[in-house]
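Only one structure is covered here, and it is reproduced in the block below.
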Amino acid sequence: MRINLFKILHDIFGFETFRGVQESVIDRVMASQRTLAVMPTGAGKSLCYQLPAVAMEGCCVVVSPLIALMHDQLRSARALGIRAASLTSVDEDWRETQGQLLAGDLDLLYVAPERASNEGFRALLERARICLFAIDEAHCVSEWGHDFRPDYRLLRPLLDRFPQVPRLALTATADAHTRQDILAQLGIPDDGLIISGFDRPNIRYVVEPRDGPGRQIGDILASNPGPGIIYTQTRAATEKLAASLGAKGRPVLPYHAGLAPEVRARNQAAFITSEDMVMVATVAFGMGIDKPDVRFVVHAGLPKSIESYYQESGRAGRDGSPAVATLLWGAEDFVRARQRITEVEQARQQGERARIAALGALVETAGCRRAVLLRHFGEDPPQICGNCDNCLSPPASIDATTTAQKLLSAVYRTGQSFGLTHIEAVLTGKSNDKIIQRHHDKLTVYGIVGHDEAAMLKPVSRALLVRDALQTNEHGGLMLGPQARGYLRGEEAIALVLPPTRAKRGRRNNDI
Ligand code: ADP
Ligand code: ZN
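According to my numbering, the stretch in the sequence shown is residues 277 to 788, in order.
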């Protein structure tokens with residue numbers, strides 16, 4: 277039996293050995309045990325169901341959320357000589373596919389999750405021989421996950437109709453909470469969880485506040501001649517940044533969902549073969565793209581979650597050679613993310629808040645960034661990795677609690693409607709028209725911040741915004757947030773992390 281598996285691994289897939297947890301996952305599947313495999317992107321999840329699909333009698337039904345992704349996988353499976361087909365709304369040959377399935381001529385059948393609720397489909401499966409249900413992107417079944425898809429909830433009744441058929445759920449992105457939820461939702465026992473190592477030791481993690489992003493990104497490009505990806509948050513930002521970087525001589529292309537399909541395909545193809553190109557893209561770029569020599573990934577704004585950050589930054593350095601992942605964040609990213617929470621349904625808000633808090637912990641830590649990431653994925657990493665910004669040059673940490681209190685009182689006493697520039701002017705005792713007119717020079721907080729302390733106001737306001745002790749109104753005016761009380765009462769302390777480079781540069785910049 278084992279010899280058989282290795283022979284298939286070699287003859288069909290062309291690999292000499294299994295990687296990481298592939299072997300244990302496949303062993304469980306072959307023993308008909310229900311399994312959830314949590315493996316980072318690039319770890320080789322497809323093999324975990326493709327190989328059993330070839331080895332076992334009958335067809336493996338693969339549930340996958342995105343038709344585009346499904347068709348990529350279909351093509352690569354067929355290229356290996358695996359008998360594969362898909363049944364989706366865009367497939368026209370479904371009669372032929374049904375025939376193949378019933379005749380036992382299919383190894384893999386890719387379907388979209390909504391298919392599961394279709395009675396005709398269930399009946400079809402009952403007439404066929406099914407050897408495995410593989411549920412790809414399984415975090416979509418959880419409301420705790422960052423990509424909940426209600427259609428995934430339709431899977432359970434289908435799976436339960438075939439209790440003897442093993443089920444294999446796969447995901448790259450699941451924190452402990454989401455994992456438990458996937459197990460429960462899909463009826464997989466706790467001991468069916470297999471987690472592979474998430475560390476990517478060749479990636480150097482760097483996290484900096486956005487402080488002149490044009491210059492910051494320029495610096496990164498200057499020290500990284502190889503291919504790289506810069507993720508921006510909007511299509512417009514993508515185009516603008518691509519144009520301004522392109523003007524400096526490096527080959528740069530934009531990529532976002534608003535570009536014509538042929539332009540996207542052309543840009544992607546150019547990037548794949550290039551040795552020095554920079555792709556400025558929205559997160560629409562990267563899924564299903566296998567370019568091993570990406571040397572750097574920059575996030576020009578806060579990603580959606582630690583999971584997405586790990587996945588997107590993980591597109592760097594797949595070849596194992598040194599690569600850099602840089603995250604540039606601003607307090608306004610956190611403000612906006614919190615505003616978006618109010619737009620999602622009640623049931624998902626707690627999960628969203630936890631996701632933002634986890635990102636806050638990553639950007640604010642004075643400790644090892646890798647340790648924060650790996651702990652998030654349930655690992656128990658060493659305190660120091662030696663290959664992130666904080667490990668390489670440990671930042672100074674200073675107690676900024678009193679400055680935070682002064683700032684919060686000034687926001688409160690001026691009526692919670694002014695931006696940081698005015699608050700700074702009041703605290704440092706400036707006399708300008710706005711201050712005189714509103715009698716802000718009569719406030720107890722007027723002039724209570726000295727010259728040296730003034731430099732801390734911006735980083736402190738940023739930290740308070742990240743922690744939801746400050747919020748902004750629609751005009752950028754600062755207001756107290758739900759966490760302000762703890763700081764004002766002296767129950768919460770705030771330590772400020774001062775990266776050495778920032779201290780050296782000594783720039784000041786007032787847009788938070
Ligand atoms: P995932 O879905 O986990 O992101 P894939 O299944 O797309 O990963 O596999 C990522 C890459 O690793 C592919 O290029 C695949 O061919 C390769 N790969 C998978 N398993 C092995 C293995 N055992 N040995 C070598 N390469 C492998
Ligand atoms: Zn580190």
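Ideal Cβ placement from N, Cα and C applies to all residues, glycine included. Note that the structure is predicted; figures quoted are calculated from it, not measured.
Those residues which DSSP pairs with residue i across a bridge
{"i": "Gly504", "result": "Val554 and Phe572"}
{"i": "Cys336", "result": "Leu384 and Leu408"}
{"i": "Tyr531", "result": "Ala557"}
{"i": "Thr602", "result": "Val482 and Val574"}
{"i": "Ala771", "result": "Asp675"}
{"i": "Leu746", "result": "Leu756"}
N-terminal and C-terminal residue of the beta strand (DSSP E) that residue i is part of
{"i": "Arg645", "result": "Counting along the chain, Arg645 falls outside any beta strand (DSSP E), though it belongs to the alpha helix (DSSP H) covering Arg645 to His652."}
{"i": "Ser322", "result": "Where Ser322 is concerned, there is no enclosing beta strand (DSSP E), although the alpha helix (DSSP H) it sits in stretches over Lys321 to Ala331."}
{"i": "Met755", "result": "Leu754 to Leu756"}
{"i": "Ala313", "result": "Thr311 to Val314"}
{"i": "Ala841", "result": "Nothing in the structure corresponds to residue 841, since the chain is present only between 277 and 788."}
Host alpha helix (DSSP H) of residue i (start-end)
{"i": "Val539", "result": "Pro537 to Thr549"}
{"i": "Ala399", "result": "Glu395 to Arg403"}
{"i": "Arg612", "result": "Ala607 to Ile617"}
{"i": "Met306", "result": "Gln298 to Met306"}
{"i": "Arg624", "result": "Gln622 to Glu640"}
{"i": "Ala360", "result": "Careful: Ala360 lies outside any alpha helix (DSSP H), inside the beta strand (DSSP E) at Ala360 to Leu363."}
{"i": "Thr375", "result": "Checking the sequence shown, residue 375 turns out to be Gly, not Thr. Counting along the chain, the alpha helix (DSSP H) containing Gly375 begins and ends at Trp370 to Leu378."}
{"i": "Thr454", "result": "Ala452 to Leu462"}
{"i": "Gly522", "result": "Arg511 to Gly522"}
{"i": "Leu350", "result": "Ile343 to Ala355"}
{"i": "Ile263", "result": "Because the chain here runs from 277 to 788, residue 263 falls outside it and cannot be looked at."}
{"i": "Arg432", "result": "Leu431 to Arg437"}
{"i": "Glu583", "result": "Ile582 to Ser589"}
{"i": "Ala392", "result": "Ala392 -> no alpha helix (DSSP H), and no H or E assigned at all."}
Residue i vs residue j beta-carbon contact at 9 Å
{"i": "Ala686", "j": "Ile674", "result": "no"}
{"i": "Trp420", "j": "Thr449", "result": "no"}
{"i": "Cys335", "j": "Val305", "result": "no"}
{"i": "Ser340", "j": "Val387", "result": "yes"}
{"i": "Leu603", "j": "Pro489", "result": "no"}
{"i": "Leu444", "j": "Leu497", "result": "no"}
{"i": "Leu401", "j": "Phe438", "result": "yes"}
{"i": "Leu462", "j": "Leu649", "result": "no"}
{"i": "Arg612", "j": "Pro503", "result": "no"}
{"i": "Leu703", "j": "Tyr763", "result": "no"}
{"i": "Ala518", "j": "Pro530", "result": "yes"}
{"i": "Val559", "j": "Glu515", "result": "no"}
{"i": "Leu741", "j": "Gly766", "result": "no"}
{"i": "Arg359", "j": "Leu327", "result": "no"}
{"i": "His652", "j": "Ala676", "result": "no"}
{"i": "Ser550", "j": "Pro527", "result": "yes"}
{"i": "Ala601", "j": "Val573", "result": "yes"}
{"i": "Ala319", "j": "Arg354", "result": "no"}
{"i": "Phe397", "j": "Leu363", "result": "yes"}
{"i": "Ala414", "j": "Gly654", "result": "no"}
{"i": "Leu356", "j": "Phe282", "result": "no"}
{"i": "Ile582", "j": "Phe610", "result": "no"}
Residue i Cβ short of 8 Å to ligand 3 heavy atom set
{"i": "Thr449", "result": "Ligand 3 is not part of this structure, which contains only ligand 1 and ligand 2."}
Checklist line | Beta carbon nearer than 5 Å to a non-hydrogen atom of ligand 2 | finding: Listed along the chain, these residues meet the criterion: Cys644, Arg646, Cys661, Cys664 and Cys667.
Item checked: 3 or more residues per run - each beta strand (DSSP E) lying fully within the stretch 465–489 -> Fully contained in the stretch 465–489 are the following beta strand (DSSP E) runs of length 3 or more, in chain order: 469–471 and 479–485.
Margin query: Report the start-end ranges of each alpha helix (DSSP H) in the stretch 656–713 that is 4 residues or longer and not cut off at the edges.
Written below: Whole alpha helix (DSSP H) segments, 4+ residues: 665–668, 677–689, 696–703 and 709–713.
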